[in-house]
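Colleague: As you go down the protein sequences, you meet chains L and P in turn.
Mapping the first sequence onto my numbering, position 95 (from 1) lands on 95, and the numbers just tick up by one.
Mapping the second sequence onto my numbering, position 17 (from 1) lands on 17, and the numbers just tick up by one.
Sharing a structure here in structure tokens format.
Protein chains: 2
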Amino acid sequence: MSVAGTRLTKQKSLILDLILGTKCHPTADWVYQEARQHIPDISLGTVYRNLNALANQGLIREMNYAGSSSRYDGDVSQHYHFTCQSCGNVFDLPLEAFTMIDNLVEEQEGHSVEAHRLEFYGTCKTCKIEEKQ
Amino acid sequence: MSVAGTRLTKQKSLILDLILGTKCHPTADWVYQEARQHIPDISLGTVYRNLNALANQGLIREMNYAGSSSRYDGDVSQHYHFTCQSCGNVFDLPLEAFTMIDNLVEEQEGHSVEAHRLEFYGTCKTCKIEEKQ
DNA sequence: TTAGTAATGAGAATAATAACTATATATTCA
DNA sequence: TGAATATATAGTTATTATTCTCATTACTAA
Numbered sequence: 001m002s003v004a005g006t007r008l009t010k011q012k013s014l015i016l017d018l019i020l021g022t023k024c025h026p027t028a029d030w031v032y033q034e035a036r037q038h039i040p041d042i043s044l045g046t047v048y049r050n051l052n053a054l055a056n057q058g059l060i061r062e063m064n065y066a067g068s069s070s071r072y073d074g075d076v077s078q079h080y081h082f083t084c085q086s087c088g089n090v091f092d093l094p095l096e097a098f099t100m101i102d103n104l105v106e107e108q109e110g111h112s113v114e115a116h117r118l119e120f121y122g123t124c125k126t127c128k129i130e131e132k133q
Numbered sequence: 001m002s003v004a005g006t007r008l009t010k011q012k013s014l015i016l017d018l019i020l021g022t023k024c025h026p027t028a029d030w031v032y033q034e035a036r037q038h039i040p041d042i043s044l045g046t047v048y049r050n051l052n053a054l055a056n057q058g059l060i061r062e063m064n065y066a067g068s069s070s071r072y073d074g075d076v077s078q079h080y081h082f083t084c085q086s087c088g089n090v091f092d093l094p095l096e097a098f099t100m101i102d103n104l105v106e107e108q109e110g111h112s113v114e115a116h117r118l119e120f121y122g123t124c125k126t127c128k129i130e131e132k133q
């Protein structure tokens with residue numbers, strides 16, 4: 001399971017496992033902190049290099065967020081995210097892909113649309129309850 | 001036309017004029033380069049400070065893009081953008097706001113949605129023609 | 001006119017990420 | 001198997017966008 005010209009090192013495989021084993025859409029730094037508990041002298045550069053490599057291979061998805069740091073997602077299927085502005089957590093949304101809006105833009109404007117980004121922001125279920133108290 | 005505790009300096013007023021006078025969704029650095037032609041010793045810090053202030057006052061809109069630098073928009077009405085991955089230009093889209101998708105997420109997930117971001121990526125009309133040649 | 005407040009320019013600080021480099025592993029092939 | 005080659009690593013430095021600091025300047029309102 002290695003692409004030509006690439007090797008599956010223990011660092012890369014650990015990083016992949018960490019991403020696949022969480023639903024928290026972690027940042028590079030989260031991955032680094034976790035990885036150090038298994039390979040203490042792993043370097044942050046190696047984490048970034050492998051996150052990029054894994055994203056290029058299509059094994060994980062990079063969600064590079066406005067302003068702040070990128071997050072990574074082990075679920076590469078098409079889905080949208082909701083970010084809670086109170087606790088900072090990112091939740092998966094079970095919405096279907098709105099492919100028709102791409103067509104709308106193509107028809108109205110004449111640009112050829114390759115992708116769209118759709119993200120939701122607000123207060124999550126849990127934080128909403130806490131705010132009321 | 002000044003908010004209590006704020007002053008409309010010649011720097012701030014120039015920066016606002018520059019943003020309002022272009023449709024190119026400029027970056028802070030573009031604003032800085034333009035501003036220097038009118039106030040040669042204006043500093044980049046002042047540009048950032050005023051861009052943030054103007055955005056907080058609701059006079060301009062900040063579009064902080066994934067990965068790269070923020071862009072600013074003098075048109076504060078609700079509208080979406082298309083970014084050409086070939087020439088880098090950002091175009092306005094005359095689409096209506098999809099407010100119903102916010103409701104969909106609220107109903108399905110129980111989070112309270114305050115806003116969504118929707119951006120389109122692809123190849124613009126002009127670059128599409130150039131690629132064919 | 002003066003005391004008080006806000007904004008400025010210049011430069012240092014920060015934070016996320018990428019690039020560099022010498023060393024250490026893998027892999028390939030004789 | 002072992003030398004030759006290619007790729008990855010740790011550690012470090014560089015880059016880039018943005019914010020912060022601070023001494024100075026410019027308004028503002030009594």
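For glycine and all other residues, C-beta sits at the position ideal for the given N, C-alpha and C.
(1) Among residues of its own chain, excluding the 5 on either side of Ile101 (chain P), which ones have a beta-carbon nearer than 8 Å to its beta-carbon?
(2) In chain L, which residues lie with their C-beta within 7 Å of the C-beta of Gly74 (chain P)?
(3) Where Ser13 (chain P) and Ile39 (chain P) are concerned, what is the direct C-alpha to C-alpha distance, given to the nearest angstrom?
(4) By the criterion of Cβ-Cβ separation under 9 Å, what are the contact partners of Tyr121 (chain P) in chain L?
(5) Residue range of the alpha helix (DSSP H) that Ser13 (chain P) falls in?
(6) Are there 16 or more other CB atoms within 10 angstroms of the CB of Ala97 (chain L), so buried, or fewer, so exposed?
(7) Looking at the structure shown, is Val75 (chain L) part of a helix, part of a strand, or coil, going by DSSP?
(8) In chain P, what lies closer than 7 Å to Gly110 (chain L) by C-beta?
(9) So, are the CB atoms of Ser112 (chain P) and Gly45 (chain L) less than 8 Å apart?
(10) Taking DSSP's pairing of strands, which residues face Phe82 (chain P) in a bridge?
(11) Cutting at 7 Å between CB atoms, please list the residues of its own chain near Asn50 (chain P), excluding the five before and the five after it.
(12) Could you tell me if Leu20 (chain P) is buried or exposed, where buried requires 16 or more neighbouring beta carbons within 10 angstroms of its beta carbon?
(13) List, in order along the chain, the chain P residues whose C-beta lies closer than 9 Å to that of Pro94 (chain L)?
(14) If you reduce the DSSP assignment to three classes, tell me which class Ala115 (chain L) lands in.
(15) For Val105 (chain P), would you say it is in contact with chain L, using Cβ-to-Cβ distances shorter than 8 Å as the test?
(16) Alpha carbons only, please: which of P:Gln33, P:Asp92, P:Pro26 is nearest the one belonging to Ser77 (chain P)?
(17) For Cys127 (chain L) versus Ser86 (chain L), is the C-beta distance shorter than 8 Å?
(18) Count the other C-beta atoms from every protein chain shown that fall within 10 angstroms of the C-beta of Met1 (chain L), then say buried if there are 16 or more, exposed otherwise.
(19) At the level of alpha carbons, what is the spacing between Tyr80 (chain P) and Thr9 (chain L)?
(20) Taking Lys128 (chain P) as the query, report the chain L residues whose CB atoms sit under 7 Å from its CB, ordered along the chain.
Modeller: To lay it out plainly:
(1) The beta carbon of Ile101 (chain P) is closer than 8 Å to those of His116 in its chain, skipping five residues each way along the sequence.
(2) Under the 7 Å cutoff, chain L gives no residues; its nearest Cβ is about 19 Å from Gly74 (chain P).
(3) Here the alpha carbons of Ile39 (chain P) and Ser13 (chain P) stand approximately 12 Å from one another.
(4) Correct list: Val113, Glu114, Ala115, His116, Arg117.
(5) Per DSSP, Ser13 (chain P) belongs to the alpha helix (DSSP H) from 10 to 20.
(6) So Ala97 (chain L) ends up on the exposed side.
(7) Residue identity differs from the one stated: residue 75 (chain L) is Asp in this sequence, not Val. In this structure, Asp75 (chain L) counts as coil in the three-state DSSP scheme.
(8) Annotation: Cβ neighbours of Gly110 (chain L) in chain P (cutoff 7 Å, chain order): Lys125.
(9) No.
(10) Within the DSSP secondary-structure output, Phe82 (chain P) pairs in a beta bridge with P:Phe91, P:Phe120.
(11) The beta carbon of Asn50 (chain P) sits closer than 7 Å to those of Gln11, Lys12, Ile15, all from its chain and outside the five residues before and after it, given in chain order.
(12) That one is exposed.
(13) Within chain P, the residues near Pro94 (chain L) are Gln108, Glu109.
(14) Strand, per DSSP.
(15) Taking 8 Å as the threshold, the shortest C-beta distance from Val105 (chain P) to chain L falls below it.
(16) The shortest Cα separation from Ser77 (chain P) among P:Gln33, P:Asp92, P:Pro26 belongs to P:Asp92.
(17) Result yes, Cβ atoms of Cys127 (chain L) and Ser86 (chain L) sit closer than 8 Å.
(18) Residue confidence for Met1 (chain L) is low, a pLDDT of 43 falling below 50, so the modelled location carries little weight; the figure read from the coordinates is stated next. Exposed, because fewer than 16 other Cβ atoms sit within 10 Å of the Cβ of Met1 (chain L).
(19) Each residue's Cα considered, the two are about 43 Å apart.
(20) Within 7 Å Cβ-Cβ: Ser112.
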